[in-house]
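In our numbering, the protein residues as written are 22 to 425. Note that CB positions come from ideal geometry on N, CA and C, so glycine has one too. Since the structure is predicted, the reported quantities are computational estimates derived from the model, not experimental observations. Data block below; observations after.
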């Protein structure tokens, strides 16, 4: 960092109130467990949390940030900054869950997947498992990227907050089932795509949300496909094929830098140089965690945001059994296999496009768009239990409003 030109003090209050030394009020939020964002006095600040890694040991320096970015609301006046807590905090050391894992070894065999599928189908009948052929030739490292990538790992995940009476009353007036793929016979959701062997699910979830919401806003007079490769190659707010988070991509990146059409930077499925300087950019007008801040989410807030604005980005923990999902209403079965080790739970980003209730069992579910191609699941989609925060899917939802 260069010479410090100015210092300001900001008090961050629970759950999301920011107050500067001049008495101006604003908002703040954690950005997953990776950093934080503050907006106050017509400026916004984002920085990654600071840490030091030495081999397998990661030391979190909880009272300071890495150098971050700040700008005013016009996006014209930028600055670098770093944050420091006035009261020092003790260092926290944890072990890197990916260090020393034999990720380049061969992945599960056809027989391994078959055994897993048989056990899943024997244990329950709520959903059907089947061997997904494209996964059979992948190494553990490749399967990790398909599930979300190393940098999408979350050490801790917040629990949904109880809904307010006002929110519950609003949701009570919504239809029992709703699907943006078939609203009065019209589909507002862009086609299923395939992220391939790249931890870019966050980019597909983010671009899928912006694509769908442009369709909703314009009544399908605009049907863009936005470049996920642009996110992988150009975004300083994510880690390419190693993972990222929709809040920073559909949200902050979309607002600060804009996204470009797919034809401008076609998807390659691997990290590469940023080549988009001459492309027309589409911008995000506003964005937020559903519930207003990280940790403020719940089923009711997600339903309302989905119904009012369009599909929403969510993320959840991918277990072994989910890889073999074929149809039905998914829930984690607890079926695991040593053949899938080394295995670490990572954060997989997807897009909620609707919700419903099973006519026979009465079980509530979300309808979710994945990025593993049309041959996986229910033509590229899956349904998952709703209202119980199944594998964390109701904990960190994001909404972003594009400028058509």
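Proximal residues to residue i (C-beta, below 8 Å), its chain only, five neighbours per side dropped
i, result
"residue 195", "324, 325 and 328"
"residue 378", "197, 198, 384, 385 and 386"
"residue 85", "71, 103, 104, 105 and 106"
"residue 189", "321"
"residue 89", "56, 66, 67, 68, 69, 101, 102, 103 and 104"
"residue 394", "155, 213, 214, 215 and 401"
"residue 293", "250, 253 and 254"
"residue 27", "none"
"residue 34", "40"
"residue 120", "The predicted model places residue 120 with a pLDDT of 48, which falls under 50 and marks its position as unreliable, so this point remains unresolved."
"residue 311", "317, 318, 322, 323, 326, 333, 418, 419 and 420"
Within 7 Å, strictly: CB atoms of residue i and residue j
i, j, result
"residue 87", "residue 100", "no"
"residue 315", "residue 51", "yes"
"residue 349", "residue 149", "yes"
"residue 275", "residue 420", "no"
"residue 61", "residue 47", "yes"
"residue 222", "residue 370", "yes"
"residue 423", "residue 253", "no"
"residue 66", "residue 59", "yes"
"residue 368", "residue 181", "no"
"residue 128", "residue 166", "no"
"residue 109", "residue 201", "no"
"residue 270", "residue 302", "no"
"residue 287", "residue 334", "no"
"residue 398", "residue 337", "no"
"residue 290", "residue 217", "yes"
"residue 168", "residue 339", "yes"
"residue 157", "residue 131", "yes"
"residue 388", "residue 404", "yes"
"residue 390", "residue 372", "yes"
Residues bridged to residue i (per DSSP)
i, result
"residue 32", "40"
"residue 46", "40"
"residue 307", "422"
"residue 282", "247"
"residue 387", "376 and 405"
"residue 204", "207"
"residue 56", "52 and 69"
"residue 80", "73 and 114"
"residue 368", "338"
"residue 295", "Note: residue 295 sits in no beta bridge, so no partner."
"residue 89", "102"
"residue 64", "61 and 93"
"residue 399", "402"
"residue 348", "149"
"residue 333", "373"
"residue 343", "Looking at the DSSP assignment, residue 343 forms no beta bridge with any residue, so it has no partner."
"residue 328", "According to DSSP, which records beta bridges pairwise, residue 328 is partnered with nothing at all."
Cβ neighbours of residue i in the same chain (closer than 7 Å, five flanking residues each side left out)
i, result
"residue 147", "349, 350 and 352"
"residue 425", "235, 238, 239 and 243"
"residue 408", "320 and 385"
"residue 214", "225 and 392"
"residue 135", "152"
"residue 295", "254 and 255"
"residue 309", "420"
"residue 25", "none"
"residue 42", "29 and 30"
"residue 144", "354 and 356"
"residue 191", "325"
"residue 45", "61 and 62"
Beta-carbon proximity list for residue i, same chain, < 6 Å, skipping 5 on both sides
i, result
"residue 141", "150, 342, 354 and 356"
"residue 228", "247 and 249"
"residue 170", "220, 263 and 264"
"residue 178", "413 and 416"
"residue 115", "79"
"residue 38", "none"
"residue 209", "201, 233, 236 and 237"
Expected contact under 8 Å - CB spacing of residue i and residue j to nearest Å
i, j, result
"residue 137", "residue 345", "6 Å"
"residue 233", "residue 211", "6 Å"
"residue 279", "residue 304", "5 Å"
"residue 83", "residue 113", "6 Å"
"residue 32", "residue 63", "At roughly 18 Å, the Cβ-Cβ gap does not stay under 8 Å, so residue 32 and residue 63 are not in contact."
Check: Which runs of the alpha helix (DSSP H), 4 residues or longer, sit entirely within the stretch 212-281?
Finding: 222-239 and 249-255
> At which residue ranges does the stretch 125-193 contain complete alpha helix (DSSP H) runs of 4 or more residues, listed in the order of the chain?
Replying inline: 131-144, 161-168 and 186-193
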